[in-house]
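Novice: Here it is, the structure, as structure tokens.
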Amino acid sequence: MEMILNETQQQVITHVDGPIMVLAGAGSGKTRTLVSRIIYLLEDKGISPYRVLAMTFSNKAAREMRERIAAEVKFDIGTLQITTFHSFCARLLRGESDYLGLSKNFTIYDDSESKTVVKSILKRRGVNPKDISPFEVLYFIDDLKNNGYYIGGHHYLENVNPEDDFFSIYKEYEAELHKANAVDFGGLLTGVLELFEKYPKVLEHYRNKYCYVLVDEYQDTNRVQFEIVKKLSEIHQNICVVGDEDQSIYSWRGADIRNIMDFEKVFKEVKLFKLEQNYRSSGMIIEAATAVIAKNQMRKGKTMWTENSKGDAIDIIECADEKSEAEFVINELCALKNNDVMLKDVAVFYRTNSQSRVIEDHLRRKDIPYRIVGGIKFYERKEIKDLIAYLKLIVNEKDSLAFARIINIPTRGIGATTLRKLEEMSVKNNNSLWETVVELVENPEKYSDFKLSARIKSALDEFVHLIQEAKYWDKNGVTPSKVYEKILHSSGYLEHLKTQKDYESQNRIENLDELLHAIGDYEETQANPNMVSFLETINLDSNNEESSLINENISSGEVSLMTVHGAKGLEFNYVFVVGAEENLFPSYQALQESENGLEEERRLFYVAMTRAMKKLFILFAQARMLFGQYKFNGPSRFLSEIPKHLVNWKRFGIIDNSCDAYHDCDEGSFDDYGDELPRKINDDGPVIHVVRPRSKFNPGVKVLHTLYGEGLVLETTGAGKDEKVLVKFKDGSKRKFLTFVAPLVTLSV
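Residue numbers for the sequence shown, in the working numbering: 97 to 845.
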């Protein structure tokens with residue numbers, strides 16, 4: 097159904113000349129408004145499509161905007177430029193390439209090709225990757241280009257030392273690209289900026305061509321994009337930017353919130369419009385999200401409102417651990433499905449990719465189909481498949497696919513040529529690749545015609561020794577988790593990731609830790625855990641997953657799993673936000689940066705909340721397994737910023753029937769919620785000793801709880817994982833805990 101434009105949207109559409117900034121809140125119909133403005137320029141004002149330039153951040157968004165405009169206007173819009181920044185700059189550079197010494201058919205290097213160039217430069221210079229990693233160099237280069245720096249330019253120089261090694265490598269990198277007639281992604285932008293700054297006639301041509309400039313998602317622009325837009329528009333001033341400072345969540349990839357905050361300083365005659373009516377979410381969700389984001393200082397200020405129904409209160413669920421958290425999500429999913437809710441209308445958000453593993457495991461066990469949006473399913477991620485391949489080869493030496501995958505991971509200098517020779521030999525001798533390599537290592541005299549360098553022979557020998565030792569461990573009763581840890585460390589895989597020092601590698605390390613956790617979970621449920629059984633378990637899970645996908649009614653779709661960053665621009669009727677804990681959401685890294693880091697985390701939390709249309713669930717765990725140990729971070733500070741009348745407080749997997757200091761158990765909601773939650777935040781994320789099943793908490797023992805402080809054990813029941821204690825705390829409250837998961841330490845025995 098066609099949306100009726102409100103008064104403010106109409107004003108945005110019909111205010112044609114001069115600079116305007118549209119602060120468009122979440123779910124406020126900004127895309128429809130932007131499309132309608134372009135249509136108004138073309139049809140009502142008679143502006144030629146050739147004179148209009150609209151830029152956004154994804155090809156999908158650009159394509160959808162063009163299709164909607166083409167469907168509504170009565171003439172050809174072939175010359176209308178609706179494009180991404182990078183596409184616009186690539187086209188412009190090809191038209192003006194001679195100015196920069198490039199040919200029109202220059203190559204655009206992707207990230208992997210840029211990394212290869214940097215690696216070759218570092219190798220040529222004799223630089224140890226442990227001292228300077230390719231990622232560090234590329235991050236430095238990206239930072240330069242995001243801020244508008246190019247060789248011979250004047251931007252960003254105040255923060256750069258020309259004598260610095262990184263700067264020297266950057267210059268050599270640019271020379272290598274130029275020699276190859278190539279440009280990287282950042283260079284597309286800085287190349288256009290260089291053209292505009294060095295060649296006034298080029299700038300004048302494009303200023304005259306594009307008389308009306310529109311920019312969507314303006315809060316996501318970096319400094320060089322801001323400079324390009326400013327130079328195109330500063331004479332005619334016909335620029336329209338649409339964005340939301342409250343959804344600026346990409347500073348880590350160069351987005352600069354100052355672009356939207358300082359827009360009025362650059363274009364002083366700007367007309368400001370605020371789209372504050374939300375068409376997406378219920379009244380309670382909007383009121384809650386507005387209260388949270390109001391805590392930020394760096395914002396223009398909007399007060400979102402909606403004519404939608406008030407809706408349900410937000411459920412905030414305190415869980416015992418990440419397993420309880422996943423169980424709650426699954427239970428609610430099943431209840432929703434039984435009430436005829438289609439799975440495609442449900443999403444689960446998390447702060448980091450590694451959090452998906454536990455949820456995915458529970459979804460598979462219940463045959464609930466799901467998809468990872470903007471990511472890869474846990475057991476399909478490269479690092480997981482790599483380590484699983486090691487484990488497969490350990491238990492099945494004839495698995496040549498597993499062998500081929502890992503023989504040179506991490507790099508051992510065994511390239512495609514060597515692998516091809518090994519494959520030819522294995523076919524000739526009717527052996528597996530593993531058997532062939534073992535024979536080659538143990539009986540080299542039999543294969544004197546198989547020429548290998550001493551380096552490759554040594555690498556093969558080390559690989560064979562590693563696998564043979566792991567096979568011995570596996571056959572002699574060593575647990576799968578210990579075998580996995582041996583491979584992870586002895587293969588050099590983990591150490592290789594640690595040397596990369598980049599965000600992606602850190603994610604991979606976290607995922608490998610989650611795989612260890614998964615093997616540990618399996619071992620806890622088996623009387624005789626072994627590697628064959630574990631691999632069979634995950635293979636069957638994957639097979640059941642595919643079956644459920646095939647048999648599921650296609651109209652009901654799949655549950656969507658994604659990071660909050662990946663959820664930007666999406667909407668779902670039902671949203672679960674898991675892991676709302678200090679040092680996780682907000683992240684520990686953000687809290688260490690500055691107040692700006694905290695504000696960006698709050699904006700990210702706001703984005704998560706405003707994806708929900710009908711119902712929002714927010715979950716946090718008392719204890720969460722991180723890097724093999726339980727940590728207790730306490731609930732996220734953002735939860736205390738939601739007004740208490742908008743919240744239903746629930747507990748799941750926690751043995752505690754008494755009221756506590758900050759929620760009213762009888763009413764199932766917060767008591768002092770909406771004020772600061774009394775909690776102990778572990779600023780540096782220390783690991784607190786977890787009481788294992790054999791621990792004894794006799795009556796009279798003094799204990800310390802992470803959230804509730806000191807207390808005295810009054811009663812102990814059960815044993816092992818079922819052991820429960822009743823503790824009286826200094827505030828007079830009494831609580832029951834499962835000692836296996838509760839964050840309790842003894843102060844006296």
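Here a beta-carbon is modelled for each residue, glycine too, at the ideal position from N, C-alpha and C.
How far does the alpha helix (DSSP H) with W569 in it reach, from first residue to last?
Specialist: 550 to 571
Novice: Secondary structure at K462, three-state DSSP: helix, strand or coil?
Specialist: In the structure shown, K462 sits in coil (DSSP, three-state: anything other than H, G, I, E or B).
Novice: According to DSSP, what are the bridge partners of C415?
Specialist: A717, F748
Novice: Kindly indicate which residue of I237, D261, S208, G244 has the alpha-carbon position closest to the one of D227.
Specialist: It is D261 whose Cα lies nearest to the Cα of D227.
Novice: Leaving aside the five residues before and after L73 along the sequence, list all residues of the same chain whose C-beta is less than 6 Å from its C-beta, in chain order.
Specialist: Outside the modelled stretch of the chain, which goes from 97 to 845, sits residue 73, for which no answer is possible.
Novice: Which residues in the same chain have their Cβ closer than 6 Å to the Cβ of D316, if we skip the five residues on either side of it in sequence?
Specialist: F153, Y346, A351
Novice: Smallest Cα separation from D457: which of R190, D436, E531, I426?
Specialist: Nearest option by C-alpha distance: I426.
Novice: Say yes only if the C-beta of L612 is nearer than 6 Å to one or more non-hydrogen atoms of the ligand FMN, and no if none qualify.
Specialist: Ligands displayed in this structure: none; no statement on the ligand FMN is therefore possible.
Novice: Using DSSP with H/G/I as helix, E/B as strand and the rest coil, what is Q393?
Specialist: coil
Novice: Do three or more CB pairs link the region 673 to 683 to the region 705 to 718 at distances below 8 Å?
Specialist: yes
Novice: Taking 7 Å as the limit between beta carbons, can you name the residues of its chain near L645, skipping five residues before and five after?
Specialist: Residue placement at L645 is flagged as unreliable, the pLDDT there being 31, under the threshold of 50; the coordinate-derived value follows with that caveat. Only P465 meet the Cβ criterion.
Novice: Does R788 pass the burial test, meaning 16 or more other C-beta atoms within 10 Å, or should it be called exposed?
Specialist: Note on R788: pLDDT 34, under 50, position unreliable in the model; the coordinate value appears next. The residue in question, R788, is exposed, as its Cβ has fewer than 16 Cβ neighbours within 10 Å.
Novice: What does the alpha-carbon distance come out to for the pair A444 and F672?
Specialist: Correcting the residue type first, residue 444 is Val in the shown sequence and not Ala. So the alpha carbons of these two residues sit roughly 5 Å apart.
Novice: Taking the beta strand (DSSP E) that G407 falls in, what are its first and last residues?
Specialist: Unbroken run through G407: none, as it is neither H nor E.
Novice: Return yes when the Cβ of R707 is within less than 7 Å of the Cβ of E610, no when it is not.
Specialist: no
Novice: What does D280 pair with, by DSSP beta-bridge criteria?
Specialist: By DSSP's assignment, D280 forms a beta bridge with Y205.
Novice: Output the distance between the C-alpha atoms of E270 and N318, rounded to the nearest integer angstrom.
Specialist: 21 Å
Novice: Just to confirm before moving on: does the CB-CB distance between T175 and Y146 stay below 7 Å?
Specialist: Yes, Cβ-Cβ distance for T175 and Y146 is below 7 Å.
Novice: Just the C-alpha distance for Y543 and N242, rounded to the nearest angstrom, thanks.
Specialist: It is roughly 55 Å from the alpha-carbon of Y543 to the alpha-carbon of N242.
Novice: What is the DSSP secondary structure of R775, counted as helix, strand or coil?
Specialist: Summary for R775: the model assigns pLDDT 34, below 50, so the residue's position carries little reliability, and this model does not support an answer.
Novice: Within 10 angstroms of the Cβ of P115, are there 16 or more other Cβ atoms? Answer buried if so, exposed if not.
Specialist: buried
Novice: Beta-carbon within less than 7 Å of I100's beta-carbon, same chain only, minus the 5 sequence neighbours each way: which residues are those?
Specialist: none
Novice: Pull up the CB-CB distance for N355 and Y314, whole angstroms please, since I reckon it's below 8 Å.
Specialist: 7 Å
Novice: Who are the near neighbours of P506 in its chain, counting only those whose CB is closer than 6 Å to its CB and skipping five residues on each side?
Specialist: G588, Y589, H592
Novice: Is P225 near V214, with beta carbons less than 7 Å apart?
Specialist: no
Novice: With distances taken Cα to Cα, identify the nearest neighbour of T386 among V821, E811, A704, K820.
Specialist: A704
Novice: So, is Q725 buried or exposed, given that buried needs 16 or more other C-beta atoms within 10 angstroms?
Specialist: exposed
Novice: Contact between the region 483 to 501 and the region 562 to 572 is defined here as three or more beta-carbon pairs at a separation below 8 Å; is this criterion met?
Specialist: The region 483 to 501 vs the region 562 to 572: in contact.
Novice: Alpha carbon to alpha carbon, how far is E421 from K433? Give it in angstroms, no decimals.
Specialist: 18 Å
Novice: Exposed or buried, which one is K370 when buried takes at least 16 other CB atoms within 10 Å?
Specialist: buried
Novice: Would you mind reading off the limits of the alpha helix (DSSP H) that contains C185?
Specialist: 181 to 191
Novice: Counting C-beta neighbours from all protein chains within 10 Å, is the total for V523 16 or more, i.e. buried, or is it exposed?
Specialist: exposed
Novice: Leaving out five residues before and five after L515 in sequence, what residues of the same chain have Cβ atoms less than 7 Å from its Cβ?
Specialist: A500, I503
Novice: Go through its chain and collect everything with a Cβ distance to W401's Cβ below 8 Å, but skip five positions before and after it.
Specialist: Sequence-distant partners of W401 (beyond 5 residues in either direction) whose C-beta falls short of 8 Å from its own C-beta, in its chain, are E372, Q373, N374, I382.
Novice: Mapping DSSP to helix, strand and coil, what is Y245?
Specialist: coil
Novice: Starting from F499, follow the alpha helix (DSSP H) in both directions and report where the run begins and ends.
Specialist: Note, F499: alpha helix (DSSP H), 496 to 502.
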